Amino acid sequence: MKAAKIFSYGAIPRKCDRAKAYLYFKGWAGKFFEFERARREEDVVRVVLLASLNNGYVEGSAKLLDLCGQTVRNHLKYQDPSRFLGVNRELADRMKRLGALSKPLTLAIDWHDVMYYGDPEAEGVVGTQRKKGSHYAYRFATASVVLGGERLIVAAVPMMNEPLVEHVKRLLAQASELGVKIKLLLFDRGYYSVDLIWYLDSLGVGYVI
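Per our numbering, the very first residue in the sequence shown carries number 46; after that it's consecutive.
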């Protein structure tokens, strides 16, 4: 298998189910999700893995397996969020045992908008700049450990109508609970605020905005 195709659909067809890497991801997916009610449970898992590996969309990934994208989304909708948090903690514990989190690390803080087209009064929806035909989005922030040029998300929180410093505090608290020690914090320019700078100065860690 060529390295350039590792993150393509060709990397995980049925005939390669026994591939070591695919089985590894498949095993983790089994800890994340409960798809027992799905008539095509294996294919639902495949769609989720394909969309994740390609950083793509459920709809397009489902079509490749002749599955309805809405069916996959319905199964995802009813997952228990606590399972995701538990697996995240387990992954962090495994990394600590391997020594990956033993030293102070660089942590990147980012915010993300997932555009929304339904009821603007729905829980978790905020107003935002118009994009892809909508003024509304689900907004959340993540904290990612930067290791060897790659990012591993260790914390995520919803962003509501609150000062930026508040969700940064929650992200750092989550990262701390996982045992992450911070050497440097990275932010984009959208995070510039006096309150945040005061807070970061009080932590005594390096930061770049």
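C-beta atoms are modelled at their ideal positions from N, C-alpha and C, and glycine is treated no differently.
Since this is a predicted model, take the numbers as computed values, not measurements.
Could you give the first and the last residue of the continuous alpha helix (DSSP H) run that contains residue i?
i, result
"residue 242", "239-248"
"residue 101", "Element bounds for residue 101: n/a, residue is neither H nor E."
"residue 126", "126-142"
"residue 121", "114-122"
In the DSSP assignment, find the beta strand (DSSP E) that holds residue i and state where it starts and stops.
i, result
"residue 172", "170-176"
"residue 224", "Residue 224 -> no beta strand (DSSP E), and no H or E assigned at all."
"residue 251", "251-253"
Look up residue i in the DSSP assignment and give the residues it is bridged to.
i, result
"residue 151", "191 and 229"
"residue 185", "157 and 203"
"residue 197", "190"
Could you work out which residue in the options is closest to residue i when comparing CA atoms only?
i, options, result
"residue 193", "150, 137 and 85", "150"
"residue 199", "208, 187 and 95", "187"
"residue 144", "250, 224, 249 and 232", "224"
"residue 246", "210, 222 and 235", "210"
"residue 256", "97, 154 and 178", "Within the shown structure, residues of the chain are numbered from 46 to 254, placing residue 256 beyond reach of any answer."
"residue 168", "135, 181, 141 and 215", "181"
"residue 177", "113, 250, 162 and 196", "162"
"residue 97", "70, 195, 239 and 135", "70"
"residue 73", "101, 139, 221 and 206", "139"
"residue 255", "120, 91 and 119", "Summary: the structure shown does not reach residue 255, with the chain confined to residues 46 through 254, and so no result is reported for it."
"residue 222", "146, 165 and 249", "146"
"residue 156", "216, 179, 249 and 126", "216"
"residue 220", "134, 249 and 195", "134"
"residue 86", "121, 165, 99 and 101", "121"
"residue 7", "207, 206, 243 and 250", "Missing from the structure shown is residue 7; the chain here goes from 46 to 254 and no further."
"residue 89", "112, 102, 101 and 99", "112"
"residue 228", "253, 101 and 128", "253"
"residue 232", "127, 189 and 142", "189"
My understanding is that residue i touches residue j, with C-beta atoms under 8 Å, so please give their C-beta distance in whole angstroms.
i, j, result
"residue 95", "residue 152", "The Cβ separation is near 29 Å, so there is no contact."
"residue 184", "residue 204", "4 Å"
"residue 241", "residue 202", "Between residue 202 and residue 241 the Cβ distance is about 15 Å, and since that is not below 8 Å, they are no contact."
"residue 159", "residue 77", "Not a contact, Cβ separation roughly 19 Å."
"residue 206", "residue 170", "Contact flag wrong, Cβ pair sits at about 11 Å."
Measuring only between beta-carbons, confirm whether residue i sits less than 8 Å from chain C.
i, result
"residue 239", "Absent here is chain C; the protein component of the structure consists of one chain."
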